[in-house]
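See below for the structure under consideration.
Residue numbers (the working numbering), protein chains in the order written: chain U, 1 to 147; chain F, 1001 to 1375; chain E, 2001 to 2160; chain X, 3001 to 3362.
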């Protein structure tokens, strides 16, 4: 599978991970790859079981955990954003419907915008909330109590 | 004089109006707000608004050590607290490559299943209440009490246990544990017949749930609807079967699969799962091996740098923990993949063109626990 | 004709299913000995919680008013919510050395989530669960408790 | 002034005579009406209090609970305590609500149930007014209550209330039919609409036994339809607390809510007493033709007890329904009426007419 994905996306970077096959995908190629992974029968990754974001200080990362319910194989894809502020990644919520809520959550808590998302609003916090709490540089002197 | 505003009068039959269901509403089971567009009584559109009980648990985890995180996972899906604890414990054990004693595996599996039964009992009674049958509520709670007593005797708490620790259990179970569990199974096998008599076979329930809230298998997979709700659509998503942990690879049990995908199928999956869970417990309870209740762990648990993911089957679906560790004693980023969050996303799709009463039935059958959605 | 027959069999099955349900509730109505409600304030005298019931964190003292807490503060660092504060004092020993003992072991019951980490990690087993569960008070400052009793001292064999 | 617990006729007549003798006819009428009004009011309150308590105890026992047991021995004063609570609660006025209709609605509901009591025979001679068309009067009056429910839902300016009221309207309009038709079945058998005559006709056997199969079907249909007409579970769609929070009385508080609450129980009492009177012989004791000794023993039990016993039985059945079944959906509710109850009822009337014509009844 490693070779197949590398051949599909030339810019992909393989990452060592004990548990899952992991790739770092350039953000502009992600949507095409997702389309292929979902639709091509040899992959048929139809189940996105986890979608999350990580703040890596220099950049933000979106992590896609995929599983195929037919072939029972799993794959982890990561997309790195170029910078921290005003970044955006293409949405996959038309490919895997579950991504719709998860992308809203990532936007809410990490501030990564998803292009072409039908309803890009905050999901947990108020609409006028300042900042994105899961970022490492988020400060909130009132609500976060340091023990 | 009042200003007269002339709005174009729409066809009154087609006019939609909005209702806020929640944050305080008897059938949202917590502080969930659903903005429903109605046409008469028909639900045309539905927008869930979450976050009323968002506590930022993922952010809190970034400050806590791994043993401390356990007690936060209790507070996600509070009805399957053991199973959530199990996920974090398994993740830490996997990362540190610790082998837990057999006894711990047995006990954890039994407790998980007891927790699943308790959760399904509570689901059954609240579902009955959503449908208007208030008596179900008391029967369910009455039987759940027996499980909670077993829990209380062994580790002192009834709902939020924090009983699993990385490497084992906090303390050994009470000497009465085995006997009480066996008594409970005997008792509940009798009482579950009442459940079938009063609700399952009831013509009103069947009429109200069959063919309501259809979710096809493809949609279930796409929406990530897991657990009993997913299995009712034919999505074989039982983590216990497909990615076994604990003792699940060694016991015999069926993955309950229905293919109708309607509310009644979701109901039936849970009813069968209670029996299936009892079967698992019966297989394990007699030969719990003697031994230590915990593996040897370092005093301060530090995960090696890297990424870890652990999936378990919670009572409402697949619960996942994703940890990015930088080698410190607390995680760099911790993400809980909560089953209810994904299940909720399908609610809009499956309740459209139904009636308000259908929405309540569908909501009851999806069995959402709001703190798990909001985290 | 078939649909006509179905009409009546449907009615028959519906009534049968309703009667099965009524049988269950009717049976419970006429068997009041199956009532499970506990009469709480009345049974207060008899009500005994399980030994392991987590009511609150206590520090057991023996009859000579001695506890086992050394004031090391491990419980404080392990508590996820900051509900334990250990305030030690240094006292002068007869042989001239200074020794760290506990002055106050403050426990905020209002912040405790009953995760049992303090009890589990205590190296000298100084803490335990108390079975008291009627914690309702009118003022939440009353939920802040000092666990070591006034005038108590540390047990000799822990000390050495 | 002869007083007998078996026959109130002479007692009521002597009271009547005494009043007319000592006062002018106009004032006698006024005093008589006042006395009856007060008696009915007291009766109303007592029955309401008792029924609320009974409902709680019944549902508690069905649910393996004890039920109210704090206020007074076995909690019998619980409802009175609740009444005081409701009396002392604040009456909340809603912005943009239609004030007049909002305030009138609970009264309409309660007056409708109040009026129906007048025609019900409690025992021989214990009867406020004995109309020639008693059944028609009771059906007409008891269906007035829906006007109050509709007004309450509409004037509250709350969407939940409105949905509840509309459901209630649709429900009562349809189930009124079944109630009427099932009573009509018995009217055919009895040949009269006067309550006293209907009861008298059951001296040698209740109509449910006399009319055998068609009467029994009519009884079942009446039980279902009247449960629906009183907005009780499993037909409590107008309130449907898990869907519409509290339905049409969401916005009501304090004593106005208590009116709705009381009216629900009174309606239940009224339909139960109609069922008892029309199908189960009213205050008439249980007689089996030919068994003289047995009939004598049955006669020994006063008619008032027979009447209340039968009513309590029907009420218990309705409570049993409510605390067992899940709620129906609105379309199923209407399906049940129009597809099942109504055709069965119409056929049943034909069968009954045939039975009566052929003289097959007892």
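By construction, the Cβ of each residue, glycine as well, lies at the ideal position given by its N, Cα and C atoms.
Residue 2974 of chain X (DSSP reduced to helix, strand or coil): This structure does not reach residue 2974 of chain X, given that chain X is present from 3001 up to 3362, and the question cannot be answered.
Simplified DSSP state of residue 1048 of chain F, which is helix, strand or coil: Within the second chain, residue 1048 of chain F is the residue found at index 48, counting from 1. Three-state result, residue 1048 of chain F: strand.
Chain F contacts from the segment 2057-2072 of chain E (Cβ-Cβ distance under 9 Å): none
Proximity winner among X:3026, X:3008, X:3083, relative to residue 3261 of chain X (alpha-carbon distances): Here residue 3261 of chain X is taken as the residue at index 261 of the fourth chain, counted from 1. Among X:3026, X:3008, X:3083, the Cα nearest to that of residue 3261 of chain X is on X:3083.
Cβ separation of residue 3172 of chain X and residue 3143 of chain X, assumed to be a contact under 8 Å, to the nearest whole Å: One-based indexing of the fourth chain puts residue 3172 of chain X at position 172. One-based indexing of the fourth chain puts residue 3143 of chain X at position 143. That pair is a contact at about 6 Å.
Interface residues of chain F facing residue 2024 of chain E [CB-CB closer than 8 Å]: On the third chain, residue 2024 of chain E is found 24 positions in, with the first residue counted as 1. Ordered by position in chain F, the residues that pass the 8 Å Cβ test against residue 2024 of chain E are 1194, 1197, 1198.
Alpha-carbon to alpha-carbon, residue 3059 of chain X and residue 1141 of chain F: In the second chain, residue 1141 of chain F corresponds to position 141, counting from 1. In the fourth chain, residue 3059 of chain X corresponds to position 59, counting from 1. Each residue's alpha carbon lies about 16 Å from the other.
Buried versus exposed call for residue 3088 of chain X [16 or more other C-beta atoms within 10 Å across all chains shown]: Residue mapping note: residue 3088 of chain X aligns to position 88 of the fourth chain, counting from 1. Result: exposed.
Sufficient close CB pairs (3 or more, under 8 Å) joining the segment 2130-2143 of chain E to the segment 3011-3031 of chain X: no
Which of helix, strand or coil DSSP assigns to residue 90 of chain U: As a position in the first chain, residue 90 of chain U is number 90, starting the count at 1. Of the three classes helix, strand and coil, the one that applies to residue 90 of chain U here is strand, per DSSP.
Rounded separation between residue 1371 of chain F and residue 1074 of chain F - CA only: The residue you call residue 1371 of chain F lines up with position 371 of the second chain. The residue you call residue 1074 of chain F lines up with position 74 of the second chain. Those two C-alpha atoms are separated by around 10 Å.
DSSP beta-bridge partners of residue 2065 of chain E: As a first step, residue 2065 of chain E must be located in the third chain, where it is residue number 65. Paired residue(s): none; residue 2065 of chain E is not in a bridge.
Of the residues E:2117, E:2142, E:2017, the one placed nearest residue 2075 of chain E, counting alpha carbons only: Position 75 of the third chain holds residue 2075 of chain E. When only C-alpha atoms are compared, the closest one is E:2117.
Those residues which DSSP pairs with residue 115 of chain U across a bridge: For the purposes of this step, residue 115 of chain U is taken as residue 115 along the first chain, with counting starting at 1. Residue 115 of chain U is bridged to U:90.
Interface residues of the segment 2032-2050 of chain E facing chain F [CB-CB below 7 Å]: 2036, 2050
Per-residue contacts from residue 39 of chain U into chain F (C-beta, under 8 Å): In the first chain, the residue the question calls residue 39 of chain U occupies position 39. Per Cβ cutoff of 8 Å: no residues; residue 39 of chain U is ~12 Å from chain F at best.
First through last residue of the beta strand (DSSP E) which encompasses residue 78 of chain U: Here the question's residue 78 of chain U lines up with position 78 in the first chain. Residue 78 of chain U -> beta strand (DSSP E) spans 74-80.
Under 7 Å by beta carbon: chain F residues contacting residue 2116 of chain E: Numbered from 1 along the third chain, position 116 holds the residue referred to as residue 2116 of chain E. Going along chain F in sequence order, the residues near residue 2116 of chain E (Cβ under 7 Å) are 1162, 1170.
Contact check, residue 2021 of chain E vs residue 3324 of chain X, beta carbons under 8 Å: Within the third chain, the letter at position 21 stands for residue 2021 of chain E. Within the fourth chain, the letter at position 324 stands for residue 3324 of chain X. Yes. Within cutoff.
According to DSSP, residues forming a beta bridge with residue 1337 of chain F: For the purposes of this step, residue 1337 of chain F is identified with residue 337 of the second chain, where counting begins at 1. According to DSSP, which records beta bridges pairwise, residue 1337 of chain F is partnered with F:1320.
C-beta contact flag for residue 1359 of chain F and residue 1351 of chain F at 8 Å: Here residue 1359 of chain F corresponds to residue number 359 of the second chain, with the count starting at 1. Here residue 1351 of chain F corresponds to residue number 351 of the second chain, with the count starting at 1. The answer is yes: Cβ separation under 8 Å.
For residue 2015 of chain E, the nearest candidate out of F:1204, F:1230, F:1248, F:1284 (CA to CA): Residue numbering aside, residue 2015 of chain E sits at position 15 when the third chain is read from its first letter. Ranking the options by Cα distance to residue 2015 of chain E, first place goes to F:1204.
Residues of its chain near residue 1330 of chain F, where Cβ-Cβ distance is below 7 Å and the 5 sequence neighbours each way are ignored: Along the second chain, one-based indexing puts residue 1330 of chain F at 330. Same-chain partners within the cutoff: 1062, 1063, 1064, 1065.
Per-residue burial, residue 3099 of chain X [other beta carbons within 10 Å of its own, 16 or more giving buried]: Within the fourth chain, the letter at position 99 stands for residue 3099 of chain X. Exposed, by the Cβ-count rule.
Whether residue 1368 of chain F touches residue 1343 of chain F by CB criterion (8 Å): For this step, residue 1368 of chain F is matched to residue 368 along the second chain. For this step, residue 1343 of chain F is matched to residue 343 along the second chain. In contact: residue 1368 of chain F and residue 1343 of chain F (Cβ atoms closer than 8 Å).
Within 8 Å of chain X by C-beta, residues of the segment 1101-1134 of chain F in sequence order: 1128, 1129, 1130, 1131, 1132, 1133, 1134
Supposed contact pair residue 1323 of chain F and residue 1307 of chain F - C-beta distance, whole angstroms, cut 8 Å: On the second chain, residue 1307 of chain F is found 307 positions in, with the first residue counted as 1. On the second chain, residue 1323 of chain F is found 323 positions in, with the first residue counted as 1. The Cβ separation is near 7 Å, so the contact holds.
C-beta neighbour in chain X for residue 1043 of chain F, strict 8 Å: Looking up residue 1043 of chain F in the second chain gives position 43. No, no contact with chain X.
Beta carbon proximity, residue 1025 of chain F to chain X, threshold 8 Å: Taking the second chain and counting its residues from 1, one reaches residue 1025 of chain F at position 25. Residue 1025 of chain F counts as touching chain X.
Residues that residue 1951 of chain E contacts on chain F, provided the C-beta gap is smaller than 9 Å: Because chain E here runs from 2001 to 2160, residue 1951 of chain E falls outside it and cannot be looked at.
From F:1341, F:1092, F:1288, F:1138, residue whose alpha carbon lies closest to that of residue 3066 of chain X: As a position in the fourth chain, residue 3066 of chain X is number 66, starting the count at 1. Checked all of F:1341, F:1092, F:1288, F:1138; the closest Cα to residue 3066 of chain X is F:1138.
Secondary structure of residue 3123 of chain X, DSSP reduced to three states: Position 123 of the fourth chain, counted from the start, is the residue given in the question as residue 3123 of chain X. The answer is strand: DSSP assigns residue 3123 of chain X an E or B state.
Pick from F:1125, F:1113, F:1058 that is closest to residue 1088 of chain F, judged by C-alpha positions: Stepping through the second chain from its first residue, residue 1088 of chain F is reached at position 88. Residue 1088 of chain F has its Cα closest to that of F:1058, out of F:1125, F:1113, F:1058.
Coil, strand or helix - residue 70 of chain U by DSSP: For the purposes of this step, residue 70 of chain U is identified with residue 70 of the first chain, where counting begins at 1. Correct three-state label for residue 70 of chain U: coil.
Boundaries of the beta strand (DSSP E) in which residue 2128 of chain E is found, first to last residue: Residue mapping note: residue 2128 of chain E aligns to position 128 of the third chain, counting from 1. 2128-2130 is the extent of the beta strand (DSSP E) around residue 2128 of chain E.
Three CB pairs or more closer than 8 Å across the segment 1105-1121 of chain F and the segment 3309-3323 of chain X: no
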